[in-house]
Structures are given as structure tokens and as C-alpha cells.
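Trainee:
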Amino acid sequence: MRAALRCFAPLLAALCQAAVPTPREHFGYTPGDDYKLADYGEIISYFQKLARSSDRILLAEFGKTSMGKPMYMAYISSPENLKKLDQYRSISRRLALGEPDEAEARKLAEQGRAIVWIDSGLHASEVAPAQHSPELAYRMLTDDGEETDTIRRQVILLQIPVINPDGLDMISHWYRGNLGTRYEAAPLPWLYQKYAGHDNNRDWFMMNLAETRAVSRLLFREWFPQIVYNQHQSPPFPARIFVPPYAEPLNPNIPAAVMEGINAIGMAMKERFARENKPGVLSYHGYDGWWNGGLRSVPAFHNMHGILTETALNSYGTPRTYDPSEFPARFTNGISTREPSMFYERPWMGGKWGAREAIDYMLTADFAILNIAAGRRTDYLLKSYQMARQAMEAGRKGKPYAYVVPAAQWDRPTAVELLDRLAQGGVEVKRARAAFQAGGKSYPAGTHVVAASQPFRAYLVDLLEPQVYPALGVGANGRPKRPYDIAGWTLPMDMGVQVDRIADRFEADLEPAGPELKSEGQVRGEGSIVLLDHRENAGFFGVNFFLGRNEKVRIASTGEIILDSPYLENRERVENFARQFGITVQLQEQAPGRMLYELKQPRVALYQPWIANADQGWTEWLLDHYGLAHTLIHNDDFRKGDLRRRFDTLILASQTAVSILHGFRDGEYSAERAGRRLIAAQRPEYVGGIGIEGLAHLDRFVRDGGTLIALDSATELPIEYFALPVKNVARGEGESSFYSPGSILRVNVDTSHPLAFGMPKNAFVFSSGGEAFEITLAPEHNRGEREIHGVVSFAAKNLLASGWVSGERHALGKQALVESRYGKGRVVLFGFRPQFRGQSYGAFKLLLNAIYLGSAQPLQ
Numbered sequence: 019m020r021a022a023l024r025c026f027a028p029l030l031a032a033l034c035q036a037a038v039p040t041p042r043e044h045f046g047y048t049p050g051d052d053y054k055l056a057d058y059g060e061i062i063s064y065f066q067k068l069a070r071s072s073d074r075i076l077l078a079e080f081g082k083t084s085m086g087k088p089m090y091m092a093y094i095s096s097p098e099n100l101k102k103l104d105q106y107r108s109i110s111r112r113l114a115l116g117e118p119d120e121a122e123a124r125k126l127a128e129q130g131r132a133i134v135w136i137d138s139g140l141h142a143s144e145v146a147p148a149q150h151s152p153e154l155a156y157r158m159l160t161d162d163g164e165e166t167d168t169i170r171r172q173v174i175l176l177q178i179p180v181i182n183p184d185g186l187d188m189i190s191h192w193y194r195g196n197l198g199t200r201y202e203a204a205p206l207p208w209l210y211q212k213y214a215g216h217d218n219n220r221d222w223f224m225m226n227l228a229e230t231r232a233v234s235r236l237l238f239r240e241w242f243p244q245i246v247y248n249q250h251q252s253p254p255f256p257a258r259i260f261v262p263p264y265a266e267p268l269n270p271n272i273p274a275a276v277m278e279g280i281n282a283i284g285m286a287m288k289e290r291f292a293r294e295n296k297p298g299v300l301s302y303h304g305y306d307g308w309w310n311g312g313l314r315s316v317p318a319f320h321n322m323h324g325i326l327t328e329t330a331l332n333s334y335g336t337p338r339t340y341d342p343s344e345f346p347a348r349f350t351n352g353i354s355t356r357e358p359s360m361f362y363e364r365p366w367m368g369g370k371w372g373a374r375e376a377i378d379y380m381l382t383a384d385f386a387i388l389n390i391a392a393g394r395r396t397d398y399l400l401k402s403y404q405m406a407r408q409a410m411e412a413g414r415k416g417k418p419y420a421y422v423v424p425a426a427q428w429d430r431p432t433a434v435e436l437l438d439r440l441a442q443g444g445v446e447v448k449r450a451r452a453a454f455q456a457g458g459k460s461y462p463a464g465t466h467v468v469a470a471s472q473p474f475r476a477y478l479v480d481l482l483e484p485q486v487y488p489a490l491g492v493g494a495n496g497r498p499k500r501p502y503d504i505a506g507w508t509l510p511m512d513m514g515v516q517v518d519r520i521a522d523r524f525e526a527d528l529e530p531a532g533p534e535l536k537s538e539g540q541v542r543g544e545g546s547i548v549l550l551d552h553r554e555n556a557g558f559f560g561v562n563f564f565l566g567r568n569e570k571v572r573i574a575s576t577g578e579i580i581l582d583s584p585y586l587e588n589r590e591r592v593e594n595f596a597r598q599f600g601i602t603v604q605l606q607e608q609a610p611g612r613m614l615y616e617l618k619q620p621r622v623a624l625y626q627p628w629i630a631n632a633d634q635g636w637t638e639w640l641l642d643h644y645g646l647a648h649t650l651i652h653n654d655d656f657r658k659g660d661l662r663r664r665f666d667t668l669i670l671a672s673q674t675a676v677s678i679l680h681g682f683r684d685g686e687y688s689a690e691r692a693g694r695r696l697i698a699a700q701r702p703e704y705v706g707g708i709g710i711e712g713l714a715h716l717d718r719f720v721r722d723g724g725t726l727i728a729l730d731s732a733t734e735l736p737i738e739y740f741a742l743p744v745k746n747v748a749r750g751e752g753e754s755s756f757y758s759p760g761s762i763l764r765v766n767v768d769t770s771h772p773l774a775f776g777m778p779k780n781a782f783v784f785s786s787g788g789e790a791f792e793i794t795l796a797p798e799h800n801r802g803e804r805e806i807h808g809v810v811s812f813a814a815k816n817l818l819a820s821g822w823v824s825g826e827r828h829a830l831g832k833q834a835l836v837e838s839r840y841g842k843g844r845v846v847l848f849g850f851r852p853q854f855r856g857q858s859y860g861a862f863k864l865l866l867n868a869i870y871l872g873s874a875q876p877l878q
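All residue numbers for the sequence shown refer to our numbering, where the first residue is 19 and numbers rise by one.
#1: Roughly how many whole angstroms lie between the Cα atoms of LEU871 and GLN833?
#2: For GLY81, which of helix, strand or coil comes out of DSSP?
#3: Under a three-way DSSP split, which group does LYS570 fall into?
#4: Along the chain, where does the alpha helix (DSSP H) that runs through ASP187 open and close?
#5: Output the distance between the C-alpha atoms of GLY163 and GLY600, rounded to the nearest integer angstrom.
#6: By the DSSP assignment, the beta strand (DSSP E) with VAL744 in it spans what residues?
#7: Touch check for the region 262-272 and the region 390-406: three-plus C-beta pairs under 8 Å?
#8: From ARG663 to VAL744, what does the alpha carbon distance come to, in whole angstroms?
#9: Mapping DSSP to helix, strand and coil, what is VAL517?
#10: Would you kindly work out how many angstroms separate the C-alpha atoms of TYR398 and ALA123, rounded to a whole number?
#11: Pick from LEU478, PRO498 and TYR477: whose alpha carbon is nearest that of TYR487?
#12: What are the boundary residues of the beta strand (DSSP E) that includes ARG844?
#13: What did DSSP end up calling PRO876 once you bin it into helix, strand or coil?
#14: When the Cα atoms are used, what is the spatial distance from LEU661 to ASP655?
#15: Can you tell me which residues form a DSSP beta bridge with PHE942?
#16: From the DSSP output, in three-state form, read off HIS552 for me.
#17: In chain order, what residues of the same chain lie with their CB nearer than 6 Å to the CB of ARG194, ignoring the 5 residues before and after it?
#18: I need the boundaries of the alpha helix (DSSP H) containing GLN634, first residue and last residue.
#19: Compare the C-alpha of LEU381 against each of ALA526, PRO147, ARG542 and ALA426 and name the closest.
#20: Going along the chain, which unbroken runs of the beta strand (DSSP E) with 3 or more residues stay wholly within the region 570-626?
#21: Taking a contact to mean a Cβ-Cβ separation below 7 Å, would you say ASP137 touches ILE178 in this structure?
#22: Look up VAL541 in the DSSP assignment and give the residues it is bridged to.
#23: Closest to ALA760 by CA distance: which of ALA728, SER824 and ILE710 is it?
#24: Throw me the rounded Cβ distance for the GLN606 and ASP551 pair, which I believe falls under 8 Å.
#25: Within the continuous alpha helix (DSSP H) that includes ASP879, where are the two ends?
#26: What residues in its chain sit with their C-beta under 8 Å from that of ALA521, if we drop five residues either side in the sequence?
#27: Mind checking ILE710: buried by the 16 CB within 10 Å criterion, or exposed?
#28: Report the rounded CA-to-CA distance for ILE353 versus PRO365, giving the unit in angstroms.
#29: How far does the alpha helix (DSSP H) with LEU313 in it extend, from its first residue to its last?
#30: So, at 7 Å on beta carbons, what are the nonlocal neighbours of ALA692 in its own chain, with the 5 sequence-adjacent residues on each side left out?
#31: If LEU175 and SER110 are in contact, beta carbons under 8 Å, what's the gap, nearest whole angstrom?
#32: Which residue or residues does DSSP assign as beta-bridge partners of PHE812?
#33: Are the CB atoms of LEU726 and LEU668 nearer to each other than 7 Å?
#34: Tell me which same chain residues have a C-beta within less than 6 Å of the C-beta of THR576, skipping the five on either side of it?
#35: Identify the continuous beta strand (DSSP E) that holds VAL447 and give its terminal residues.
#36: How many angstroms separate the CA atom of ILE283 from the CA atom of MET277?
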């Protein structure tokens, strides 16, 4: 009987897979068809049908989005592999962490399965990846050809059908609503992921977003895939797809075996495209191997093969026909777009292109990756072990041997934030059980230590050491090659945390600090006066708590925050309060000095333009993170003329003056449908900016006592139109101007100014632009309604701390943060982004102080 059942098993399996619904049967069309975009609910309900109809897939929820939608992972492999999923996950984890000895590692590599990660739809306006995910799953479940069968037996595919569910729904519903109108190709006028928008692929070491944290847990603490494939859609035109190898420069911390492995996978992809007669494949251009912070780049620092592709994009589901006579002659690196080269072996010479064509290219890339993973299964597993052990051995040799985070910090809770970010990224953080000595210094029990002998040593070193972006000469346009994204991201500098680099071996009694670290509350001293340490960002949690209770909160001339509340009637209450927010509370018998301000609940407006602005999103993240109630205002709010009645403080995130004033102009974008040119007009309710009328009301808002905070490029507007006695001196001629492509710079701080309370005299700020100010008002006129102060200035020498800048002579010693009186109000000009991507913890206080002071009552 059993023998008979075995004979029928292949037939039963074939019948089971035949019952799997096709994408067309579920959607009523095939995703990728012209003018069609499936939304998140439709895609996930299809995957739920697949999970009910096939034993080759398991579907599991692994987190929630920032807006509360469930996120799903599909595990696709053979039924036999899926039954032992936990065993294969354990093998991948143990090898990636270098746990077994060499002999056991080889056995585990033979027993294990290659783990391949493919995600879709991170950048929601790049629509094809999410639309392709149902077809990839269907093929993996139903194709019984030799190649796919081998892949299922040798590989476990971790497929995230839609990694940005909120964004897919925004984009698909927006497109459907505009389809067939003159607004068909109009851009979404708000961010397609809460807070971050396009920057959702810039959060992979800070992990500020709910989605990033959930995915990072899978990648770096649970599954440890050998290949991580992240799909996008923006190759240099007219290429149809970019695949590795990446462009220069190479980050020296990425292990050579990782980068060579990425190159080998890229070459396998290119060969498959050639065999399938799919031209337009570009490599070595645009997307570099330097940056740390993206979903494809962070895995490379974790001994994983991080693969990025950029497939050609059209306007949503609308196809276009391309004429090669319209192509540029060369790519920006000088290589011809029409002649074969090592970068671009077979040029694409035009034709129809839409989501369907893009999906076909993505499927080719998928199966190239899955095929090489199946063929090199044992090798990839063993390689992950070998790289882990090599990293651990390099750390044991020292230089560095470890990083020590002293207990005594300028901002103690933020030091714990830094350690927690490392731990979420798979770095082991330990705590000393007893006092020890290292690097010629003594450290007490409780000190945190991060050993360099870790499997992910590359990740640790890259985040804690300064970056030195290399000079690469000049490109075809005669200019130095600039970074693809930011150039420097050294966390201790950016977050204002002291981290001691210990070069040589030392002895210490250490214990694991845990996978999630939280700041512990501390109460110091005795007395009835309750003070918050203004140096601690987390202290603002406490400020909000008491302002929400209508309690009295004051700021002393020495910068301390004084709480006067019956809630803190005894020490036990104070200790509970400190523990609740993880902050330091000081008790003493006498007030520290003269009271300058009484704080009030801030009434904050944040301008949200109808051109999606990630810097506005990150500003909103900061406000939400610290519990600051605020109102998003739009162009029409400026025209109503009641800003001062409603708000004390108005924030303009980084955005040019022209963009603030005029916004999206009708007819700025164009597309083509079925050979017919369309003007991608924006819907009328989203056209324009605040306008001249809104500018006049903004001027009146400040003159009547409001505070305007302008960040980075938004400073152009008040400088130009309010005639402030300030000049931006960073703007030189051409290449001589000051330019910071995202680097960490040294600054000097006037800590006597209330905007700088809680800051050290010497600090770091993150600059991603070219703003540096000079006060043009003569000292004898610097008073009254024209009073102006420089609060933060760029260092007069050694300006660059991490990354790369050009034209720095224009910024040396110049002002980086200026406060100017304007009528009864004031304008605060930030020549940098104090909230950049939620990374610049060391500068948060400058922005938070400006917001609270905007509502404060002077106590003169």
C-alpha cells in the first residue's frame, strides 16, 4: 500500500500545484498589464490563496507598518524543506555567527539550504517590483522544470511581496483615481511612507522606522540570508536595468570576499540577460560601493551579498514608446549609450516599455540569483561562516580590539540609543560586571563594551569610525566624482556620544547587555528642587509630561530645567518619574540661578508642501518622537492670515525658496501613452506654493511675535524676502562653492545662548548642503528689533570630521546657526539639518530648544 502511494505521490503533487490560482484568475488581469496597478490588499490576499493551495509556501506576519498594516513574509521552498524551516534557520544563524568549529561548520553547510531574500516595492512610486511579486511566487510554486525544482530543493526563498504596504496603497489608489485624465502621470503630492518617503531606503543603520526595525530583525538576528536582493527602478537612461558590479568608490570596510561575491552574482545576472536576448544592461555606473545605510548596502557589512538592481521606470502603469533618436549620446560617465562597452555590452535601442517589460527583466534577475544560490548552496553557507571567523580573528588581533562606551556621558540616554541601534543591527553589546582598565583608562562596573571580534566587525567599525571619502579625480563633465548618497555617518559624532576606541587587548569581566537596551533612570542628590539635565535629549519627554499636566516648568539662566510640581512630592515619585523616561533627575535645596523662562505647551506648525519632502517628514518624526503636538499646514493656511492666532512657532524644513513660493507648476512633467504625449499636470488642489500672499502673512506672523525656524536651504526665503542682515557666503562660483554632500562637520557653540542650552562648546553637525552665514549688521546697530546673534559657527580649521566637502574655505569660521529678531518675533536660521533622517541626536537639542523657546514666557 505504501509503495503504491509513493508511486502516486508525484501525480498528487502535480494535481495540488495545478490547483494554485494564476495571478490572472485572482486579479482579473495579470499584474504588469498596461494601466493596471494592484494594491496591497489584493496582492496579500493572493499570497494567502497561494498559502492555502500549495505546500511549497508558508506565509507569516512579521510586523506592522508605521500606519498599522500587517507585513508578511512568504517562505517558498520544497515541502520537505518547509517542514524543517526552524532547523535550516538555525544552521544559517550558527554559521553566520561563526559559532561551530571548522569540522562542524562543514557538516552544517552540507546539511543547510541557501537562504535568498527578495523584497519588492520599497520605493512605492517604482511600481513594477511589487506588481512582479505574485508572478515570482506563482512560478516558484508551479514550475516543475529542472531549474526551478533544483532551486526549491536547494534554496529557501524569503520573499517579502510588498515591503512598503502603506506606500503601495497610496500610489496605486492615487494612480487609479487619475487614470484616463490629464493627471494620469501626476506625482503623489505627499510622502509614500510615513516620515521617510524615499528615505525609507536610508534608515538601515538608525532603524527609526517601524518597517526597518521589523525587517532588520529578520535579516540580522533571525535568518542571516546569504543573498539579499533589493529591487528598484531608476537606472541611468536609456539603460533598461542596472546590475552589479557597482561603481567606485569601494568602502574599505566591506570584506573583499563579499564584494567579489556580489560581482560574481552580477556577472551571472548579466550572462542570463544576454542568453535571454534582453539588452540594455548597465554596470559599474552610478550606484557605488561606498555608502552604508541602504537595504542592499547594510547587508554587505554583515557578510551578506547585497544585490541592487534598478530597472527602467515609466509613469506608474502607463507604458511609453521610446525613439532612440531622443536618447542622450553618452551616460554621465562618458560611455556611449549606443555603442557596446564593458559597462553596457548591448545597448537598448528603443521600443515599448511599461511595467510588463520591467517585470520580465526582474524575473530574469530573480532566477539568475536563485540559480546561482542553488548551484553554490554549500559554498555560500560555508563562506558566511568563514567570513564570520575571519572577522572575529581580525578583532582579536586588535586595532581596534574593542569600543568602550563610558558610563559618564554628556547625554547618557542617547549613548544607550546608540548601543541599541548597534544591537538591533546584530552587534553584541556587553556590560562590565566589575571595574577594569583599558587603553590606559579606568572604567567602572556597568560600562558598556563592544568587542571588535564580532562576526559583523565590518558593520561595527564602519559605524563608529570616521569616513574618509576618496578623491577620485574628475569625471567626463570635468567635476570631481561626488558620492551617490551621503559621505559620512560616524554615529558617535552624529549622536554626540563618547566612544573610546581601544586598540589593544585588555581583560574585563563582561556579560551580554541584551538584544534591546533601554536607558535607566537616575536620581541624584537630595532636596526639594527638582532639576532635569538639559544635556539629555530624553529630558524633553519629561518636559512634555509636565506641560501636559499644566505643571510649571522653568529654565534657569544656567540652562537647567526646573520642575515645580506636587506630582513629585517624594523621592519615590521622583524615582518612578526618572525610571519612566530613562532620564537623570537632580535634587537640591536651592535653585541653580535666575529664572529666564517659563515654558508653555508649544503651538507648532510644520509646513507640508504638496511636493513630497523627506526633510519635512523627518521633522515630523522628531516632533512625534518627543511627543510635541503640532499641526501640518499647507499652502491655503498661509493665505488665511491667522497664523499668529493659531501658532507660536512655524517650521520650514529644507526646501528652496522658489519651491516654497511656487510649488508644483502645472505641466512640469510629461509622459507618453500609446505613442501619444501626455502632460502630467498636477491636480489643481496641489498646484502652487504659499505664493506672495502667503509670504506676506508669514512676514506678519513673525513681526507679530511668532518664531520662524528655517532649516538648511529653506533659509533662502527669510534671508531674501525678510531682508535679514544675514548673507549666505557659502555660495561661490561653480565648483568653488561650499558643498557638503552629507558629511559631519565640527562646530563651535555659544553655550550661553538659550538656543544652545544643553550643548557642549565643541560639537558636530550634519551638513547636506551649502549654507554658511555672515552677519552683515554693524555691531553698533545690533539691538532692538534688529538684534541678531550667531549661536553656532563652523570651525575655523579642521572643519571636516567625517565624509567629504569641497570649497570648505567659504565656510571656515562662518555662522551655522543664527537667531535674528524681526519685529516682535524672531527667525532662527539653521545652516544644516539638525534632524537629518533622525540620525543627528547630537544636534536635536538645538531644534527642540528653538521650538520650546518659541512658546516660552520670559521671566525678566
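We put the CB at the ideal spot given by N, CA and C, even for glycine. Fair warning: this is a prediction, and the values are worked out from it, not measured in the lab.
Mentor: If we stick to the structure as given:
#1: 21 Å
#2: strand
#3: strand
#4: 183-196
#5: 58 Å
#6: 744-746
#7: no
#8: 28 Å
#9: coil
#10: 12 Å
#11: PRO498
#12: 843-848
#13: strand
#14: 8 Å
#15: Given that the chain is displayed from residue 19 to residue 878, the structure contains no residue 942 and the question cannot be resolved.
#16: coil
#17: none
#18: 632-643
#19: PRO147
#20: 570-574, 579-582, 602-606, 613-616 and 622-625
#21: yes
#22: VAL603
#23: The sequence given here places Gly at residue 760; Ala does not occur at that position. Of ALA728, SER824 and ILE710, the residue nearest in Cα terms is SER824.
#24: At roughly 12 Å, the Cβ-Cβ gap does not stay under 8 Å, so GLN606 and ASP551 are not in contact.
#25: Residue 879 lies beyond the residue range present for the chain, which begins at 19 and ends at 878; the question has no answer from this structure.
#26: GLY416, LYS417, PRO418, TYR419 and GLY457
#27: exposed
#28: 11 Å
#29: Counting along the chain, LEU313 falls outside any alpha helix (DSSP H), and DSSP gives it neither H nor E.
#30: In this prediction, ALA692 scores a pLDDT of 39, lower than 50, which makes its location untrustworthy; the coordinate-derived value is nonetheless stated afterwards. So no residue of the chain qualifies.
#31: Contact doesn't hold; Cβ gap of about 13 Å is too wide.
#32: VAL765
#33: yes
#34: PRO610 and GLY611
#35: Premise fails: VAL447 is in no beta strand (DSSP E) and is neither H nor E.
#36: 10 Å
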